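Just so we're aligned: 432 in my numbering is position 147 of the sequence shown, and the numbers increase by one with no gaps anywhere.
Below is one structure, written out as structure tokens; the observations come after it.
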Amino acid sequence: MERSLVLVKPDGVQRALVGEVVSRLERRGLRLVAAKFMAVSRELAETHYAIHKGRPFYDGLIAYIISAPVMAMVWEGPNAVAAIRQTMGATRPTEAAPGSLRHDFALEVGRNLTHASDTVENGEKETALWFTKNELVDWTREADRWVFEK
Ligand code: IDP
Ligand code: MG
Numbered sequence: 286m287e288r289s290l291v292l293v294k295p296d297g298v299q300r301a302l303v304g305e306v307v308s309r310l311e312r313r314g315l316r317l318v319a320a321k322f323m324a325v326s327r328e329l330a331e332t333h334y335a336i337h338k339g340r341p342f343y344d345g346l347i348a349y350i351i352s353a354p355v356m357a358m359v360w361e362g363p364n365a366v367a368a369i370r371q372t373m374g375a376t377r378p379t380e381a382a383p384g385s386l387r388h389d390f391a392l393e394v395g396r397n398l399t400h401a402s403d404t405v406e407n408g409e410k411e412t413a414l415w416f417t418k419n420e421l422v423d424w425t426r427e428a429d430r431w432v433f434e435k
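Printed below as a string of structure tokens:
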């Protein structure tokens, strides 16, 4: 079963879109594993976005992600990484597919509402960066057999 970190970034929290993001992931059939509403330290932001260090937008990205609380979550399911990125839409909202969150609720790449892990490997790494083992809930959902083929 794949897992992905999902963040509702500060703009999503300020715009009261946490419920919208959660609702869309729930309706997709994904299973919530962990969630916490939190202020992000500069250190965590820099580790999370280390791959973008040196890019022209890096300083602005760090300032954005620590500017207000985020809703951090882990979601799982078959093909969770691809499914969640599809639900979020392309990084640039004007390139995001109609019906995706970024298409429906955003205009600018620097205010694109959400983060989702981009590979299965990063799903595991980011889960471990943002959550302790104790915070990950191992549970069976009654609807699982109606959503998951196996
Ligand atoms: P992703 O969030 O879709 O995985 P990445 O390319 O990993 O996109 O970039 C991380 C985040 O950095 C984006 O979600 C966006 O908030 C921000 N970002 C990326 N490119 C730009 C840019 O050109 N200008 C401003 N912010 C950017
Ligand atoms: Mg990314």
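Every residue gets a Cβ at the ideal spot worked out from N, C-alpha and C, and that includes glycine.
Please read all numbers here as calculations on a predicted model, not as lab measurements.
Query                                                                                                                   : Result
In chain order, each alpha helix (DSSP H) run of at least 4 residues that lies wholly inside the segment 293-318        : 295-299, 303-313
Heavy atom of the ligand IDP within 7 Å of Asp344 beta-carbon                                                           : no
Which listed residue (Val355, Glu434, Val307) has its alpha carbon closest to that of Ile369                            : Val307
Alpha carbon of Arg288 to alpha carbon of His400, nearest angstrom                                                      : 13 Å
Neighbourhood of His247 by C-beta distance below 8 Å, restricted to the same chain and skipping five residues each side : Residue 247 lies beyond the residue range present for the chain, which begins at 286 and ends at 435; the question has no answer from this structure.
Between the CA atoms of Ser385 and Gly408 - distance to the nearest angstrom                                            : 20 Å
Among Trp360, Asn419, Arg313, the one whose alpha carbon lies nearest that of Leu290                                    : Trp360
CB contact flag (Tyr349, Pro295, <8 Å)                                                                                  : yes
6 Å CB neighbourhood of Met358 in its chain, flanking five on each side removed                                         : Val291, Ala320
The beta strand (DSSP E) enclosing Thr404, as first and last residue numbers                                            : Where Thr404 is concerned, there is no enclosing beta strand (DSSP E), given that its DSSP letter is neither H nor E.
Whole-angstrom C-beta distance between Pro354 and Met323, which should lie under 8 Å                                    : 6 Å
Coil, strand or helix - Lys435 by DSSP                                                                                  : coil
Candidates Glu331, Val303, Ala365, Glu328: closest to Arg313 by CA position                                             : Ala365
Three-way DSSP call (helix, strand, coil) for Val366 in this model                                                      : helix
Beta-carbon gap between Val318 and Val303 smaller than 8 Å                                                              : no
Rounded C-alpha distance that separates Leu346 from Trp424                                                              : 34 Å
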